[in-house]
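For the sequence shown, the working numbering begins at 18 and goes up steadily by one.
All residues carry an ideal CB built from backbone N, CA and C; glycine is no exception.
Beneath this line is the structure, given in structure tokens, with notes to follow.
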Amino acid sequence: MRIEWINQDAVAAAPAAGMSRRGFMKASAVAGGGLVLGFFMPGAGRWANAQQAPAKVYEPNAFLHIAPDNSVTVQVNRLEFGQGVQTSLPMLIAEELEADWSQVHGALAPAGDQYKDPAFGIQITGGSGSIAHSFIQYREIGAKARAMLIAAAAEQWKVAPEQIKTVKGTLIGPAGQKATYGAMADAAMKQPVPATIKLKDPKDFTIIGKPTKRLDARLKSTGKQQFGMDFKAPDSKVAVVARPPVFGAKVARFDASKAKAIKGVIEVLEVKTDRGGSGVVVIADGYWQAKTGRDALAIEWDTSGVEKVSSDKQLAEYKALAQKAGTPVRTADTSKLAGAAKKISAVYEFPYLAHAPMEPLNCVVDLRTDGCTVWAGSQFQTVDQGAIAATAGLKPEQVVLNTMMAGGGFGRRAVPTSDYLVEAVNVAKVWQAAGHKQPIKMIWSREDDIKGGYYRPSHVHRADIGVDAKGEIVAWDHVIVGQSITSGTPFEGMMVKNGVDATMIEGMGEPYEVPLNLSAHTVKANVPVLWWRSVGSTHTAFVMETLIDEAATIARMDPVAYRKKIMGEKGKRHVAALDLAVAKSGYGKKALPKGQAYGVAVHESFNTVIAYVVVASIKDGAPKLHSVTAGVHCNTAVNPLTIEAQIQGAALMGLGMTLPGAAITLKDGVVEQQNFSDYVVARMTDMPKIDVHMVPSNDPPTGMGEPGLPPLAPAFANALFKLTGKRLRKLPFDLTSA
18 MRIEWINQDA
28 VAAAPAAGMS
38 RRGFMKASAV
48 AGGGLVLGFF
58 MPGAGRWANA
68 QQAPAKVYEP
78 NAFLHIAPDN
88 SVTVQVNRLE
98 FGQGVQTSLP
108 MLIAEELEAD
118 WSQVHGALAP
128 AGDQYKDPAF
138 GIQITGGSGS
148 IAHSFIQYRE
158 IGAKARAMLI
168 AAAAEQWKVA
178 PEQIKTVKGT
188 LIGPAGQKAT
198 YGAMADAAMK
208 QPVPATIKLK
218 DPKDFTIIGK
228 PTKRLDARLK
238 STGKQQFGMD
248 FKAPDSKVAV
258 VARPPVFGAK
268 VARFDASKAK
278 AIKGVIEVLE
288 VKTDRGGSGV
298 VVIADGYWQA
308 KTGRDALAIE
318 WDTSGVEKVS
328 SDKQLAEYKA
338 LAQKAGTPVR
348 TADTSKLAGA
358 AKKISAVYEF
368 PYLAHAPMEP
378 LNCVVDLRTD
388 GCTVWAGSQF
398 QTVDQGAIAA
408 TAGLKPEQVV
418 LNTMMAGGGF
428 GRRAVPTSDY
438 LVEAVNVAKV
448 WQAAGHKQPI
458 KMIWSREDDI
468 KGGYYRPSHV
478 HRADIGVDAK
488 GEIVAWDHVI
498 VGQSITSGTP
508 FEGMMVKNGV
518 DATMIEGMGE
528 PYEVPLNLSA
538 HTVKANVPVL
548 WWRSVGSTHT
558 AFVMETLIDE
568 AATIARMDPV
578 AYRKKIMGEK
588 GKRHVAALDL
598 AVAKSGYGKK
608 ALPKGQAYGV
618 AVHESFNTVI
628 AYVVVASIKD
638 GAPKLHSVTA
648 GVHCNTAVNP
658 LTIEAQIQGA
668 ALMGLGMTLP
678 GAAITLKDGV
688 VEQQNFSDYV
698 VARMTDMPKI
708 DVHMVPSNDP
718 PTGMGEPGLP
728 PLAPAFANAL
738 FKLTGKRLRK
748 LPFDLTSA
């Protein structure tokens with residue numbers, strides 16, 4: 018642990034300066050600058066154990082700055098892209114620090130070992146782990162800083178530390194002495210850092226648990242917030258790449274004469290692209306000139322030697338595979354299937370899905386012989402920093418990766434291959450080889466983003482379930498077919514067991530006590546795949562919750578009562594969330610207008626349970642979602658406003674999966690969709706009324722970024738069954754084929 022002086026202005030300027038953190042700290046060590054605390058915090062977990070308690074101390078990965086003007090700046094070791102961590106993480110420090118919240122600010126930290134996630138062991142924003150993993154970490158930073166400020170004041174005032182109180186950034190002595198944190202920061206720097214510290218009892222929280230407006234709200238609502246797309250390095254040029262239509266294909270030949278004739282176009286060069294392919298980059302003074310130049314290119318592509326996937330053929334192959342047992346994952350006796358009183362036989366289909374964040378991919382690269390500075394909205398700073406270094410022929414410590422505010426990501430900005438950043442560095446290399454030195458700003462268009470790969474994998478599920486005369490599930494044989502998102506990545510050793518990706522089968526079975534016999538087929542295809550918000554639960558929750566609902570119908574039981582009946586010991590939090598949603602929705606007590614019906618689903622992902630009770634109808638032949646009541650069990654709710662927003666956003670995204678056109682399809686290896694005109698996402702007009710209610714708890718918080726998505730589609734489907742009598746077996750919804 019170390020304490021260093023730092024100048025407040027330097028904190029804000031550091032990312033743009035291109036310094037390493039060590040150089041930054043050294044250059045900023047000037048007297049009178051304030052107090053910076055760098056901490057050795059719990060760290061170095063494994064991907065596979067990311068949802069477990071943080072391991073022991075390894076790397077310094079966070080710091081707090083108290084300036085002479087009493088302002089408090091918290092370095093946020095994550096990417097802020099709409100989920101609210103630039104407010105929630107500072108809340109944790111401010112709580113234990115007893116800071117004046119009106120003087121607290123958040124800053125996005127650059128890539129650095131000190132900012133590694135305590136559980137993942139790398140710097141990452143993903144797995145719904147920001148608050149869950151840093152809850153103790155950030156509170157300890159605040160508590161230790163407060164203890165040092167008290168110790169400094171006690172020494173000056175010659176009183177016992179326990180005689181000093183702290184209130185909103187002010188130290189108060191027993192005889193009425195007063196000093197602001199900023200005024201005491203110089204003396205606090207000289208105090209030893211406490212080895213251990215007692216954290217607050219939850220009953221004493223004054224910030225944690227209180228609805229808190231976001232620190233970035235004013236900048237965003239006034240259009241002043243700078244996102245990655247807004248950033249431009251001095252004298253930088255804009256690069257737009259024409260990528261191969263089939264993943265991994267190469268340029269055979271191209272004619273750049275028309276592109277070069279466009280005013281503002283500077284260079285047209287061949288460049289390496291993702292998956293061993295190549296493309297053509299147009300570099301110009303601005304985006305419009307670069308895009309117009311790309312549109313004018315004449316390119317012949319060499320697609321020989323690369324697989325050309327077609328969705329219809331792939332689906333047929335998946336369905337055929339699903340009829341056969343795959344690699345065993347979970348075994349149970351299926352002999353009672355043959356003699357079951359009633360049976361459910363179902364095949365589920367799920368398409369590829371694009372991430373489609375509002376802000377397409379972009380970055381700025383300033384490549385030099387002695388280093389590289391990059392500005393990007395990265396979810397994966399540690400991996401991206403290493404990939405940039407390897408591509409540039411540098412050491413990781415020679416790469417400064419500045420974290421920019423991003424307009425969404427849903428996983429697309431956390432790619433094990435660092436595809437768009439590696440491509441941007443390759444562009445910078447050919448640009449320099451052509452005799453130029455200016456930084457490059459790489460911009461992807463919406464079309465580039467949707468056609469550019471790394472999708473939620475397509476899947477097929479086959480289920481055969483036997484139900485006895487009493488309505489009990491006596492046998493369940495289940496097969497899943499799909500691609501692995503972690504095979505071939507650094508996480509394969511942790512996530513793939515016996516050839517089966519754990520993300521493919523997550524969410525299956527629990528918390529229900531059912532005799533599930535589960536196996537899986539892992540298929541390889543020339544379609545880049547990646548985690549998508551809530552990962553495997555995007556499809557497993559739909560399958561589980563519609564099948565359980567179907568079993569409840571066969572058993573002639575209320576679907577809520579049936580779920581609670583077959584939940585095991587692990588279902589206590591599920592019951593609490595479900596009961597809360599039911600109570601707040603009026604389910605079972607409030608009669609609905611004719612033509613409307615309730616639907617129910619409950620699912621756990623990232624250790625958080627979400628239960629939905631929805632109301633739906635069919636209007637002009639199309640499904641309509643009217644309202645959603647959410648019961649949320651995420652343990653301690655650090656910022657209820659952020660949690661409410663997360664649920665609302667995730668539910669809308671889950672609704673988007675059900676809308677006709679919400680699918681990525683391929684023909685002869687080419688993605689057929691290219692923009693929101695043919696790839697459907699949920700819009701304002703689709704938004705139902707969403708009420709969010711949280712189960713009270715003082716236990717450590719669990720993940721919130723993703724769990725709100727999975728149960729929405731099955732709850733909606735279950736409501737539609739009550740209206741149509743037909744079970745929906747695929748996403749997006751198609752009432753004509755149900």
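Residue nearest to residue i in terms of C-alpha spacing, selected from the options
i, options, result
"K280", "G310, A256 and T223", "G310"
"N543", "Y579, L745, L683 and V712", "L683"
"E723", "A679, E621 and I681", "E621"
"P421", "G388, K360 and V382", "Residue 421 is actually Met in this sequence, not Pro. Nearest option by C-alpha distance: V382."
"A680", "A667, G612, P749 and G159", "P749"
"A3", "T142, A136 and Y369", "Here the chain covers residues 18 to 755 and nothing more, so residue 3 does not appear."
"Q691", "V540, G673 and A373", "A373"
"L438", "A409, Q449, D134 and Q455", "A409"
"F693", "M704, H122, P677 and N443", "P677"
"G123", "P107, A111 and Q449", "P107"
"G638", "T753, Y615, E661 and A371", "T753"
"T320", "V258, G469 and K267", "K267"
"E376", "M246, V626 and Y472", "M246"
"Y365", "A234, T386 and A337", "A337"
"G516", "E527, T503, P528 and A269", "T503"
Distance between residue j and residue i (C-alpha atoms, nearest Å)
i, j, result
"V496", "T239", "50 Å"
"R700", "M670", "9 Å"
"A79", "L411", "Because the pLDDT of A79 is 48, which lies under 50, any placement of that residue in the model is unreliable, and the number read from its coordinates should be weighed accordingly. C-alpha separation (whole angstroms): 25 Å."
"T506", "A202", "45 Å"
"P731", "A618", "6 Å"
"A404", "G394", "15 Å"
"G388", "V416", "6 Å"
"P474", "Q500", "6 Å"
"K589", "F98", "33 Å"
"F244", "G425", "11 Å"
"S452", "I283", "In the sequence on display, residue 452 carries Gly and not Ser. Approximately 11 Å, taken between the alpha carbons."
"V255", "W448", "11 Å"
"D751", "L745", "8 Å"
"K601", "A205", "49 Å"
"P576", "Y604", "11 Å"
"A755", "R260", "38 Å"
Own chain partners of residue i with C-beta closer than 6 Å, once the 5 adjacent residues on each side are dropped
i, result
"P228", "P657 and L658"
"F559", "A730 and P731"
"I167", "P178 and I181"
"K468", "V688 and Q691"
"D436", "D291"
Same chain only: Cβ atoms within 7 Å of residue i, ignoring 5 sequence neighbours per side
i, result
"S554", "E523, G524, H620, S622 and P727"
"K325", "V263, D685 and G686"
"A126", "Q92, V93, N94, Y132 and T420"
"A357", "G483, V484, D485, V491 and A492"
"S536", "A342, G343, T344, P345, V346 and V496"
Neighbourhood of residue i by C-beta distance below 8 Å, restricted to the same chain and skipping five residues each side
i, result
"A572", "V484, K487, G488, E489 and Y579"
"P350", "The question names Pro, but residue 350 in the sequence shown is Asp. Counting only Cβ-Cβ distances below 8 Å, and skipping sequence neighbours, we find A492, P532 and N534."
"A568", "I361, I482, V484, G488, I490 and Y579"
"A647", "A598, I627, A628, Y629, I664, A668, I707, D708, V709, H710 and G725"
In DSSP terms, what residue i is bridged to
i, result
"D494", "D481 and N534"
"G499", "H476 and T539"
"M422", "F244"
"K458", "V255 and V381"
"T646", "V630 and D708"
"T625", "S622"
"I467", "Answer is none; I467 lacks a bridge partner."
"E284", "I300"
Proximity test, Cβ basis, 8 Å: residue i and chain B
i, result
"L438", "You won't find chain B in this structure, because it holds only one protein chain."
Ordered list of alpha helix (DSSP H) runs contained in the segment 166 to 221, each at least 4 residues
198 to 206
Could you tell me which uninterrupted alpha helix (DSSP H) segments, each at least 4 residues in length, are contained entirely in the segment 74 to 122, listed from first to last along the chain?
102 to 114
Kindly provide the ranges of any alpha helix (DSSP H) runs that are 4 or more residues long and lie completely inside the segment 220 to 278, ordered along the chain.
234 to 238 and 274 to 277
3 or more residues per run - each beta strand (DSSP E) lying fully within the segment 301 to 348
315 to 319 and 344 to 347
Considering only residues of the segment 526 to 601, which uninterrupted alpha helix (DSSP H) runs meet the minimum length of 4 residues and lie entirely inside it, listed in chain order?
554 to 571 and 576 to 583
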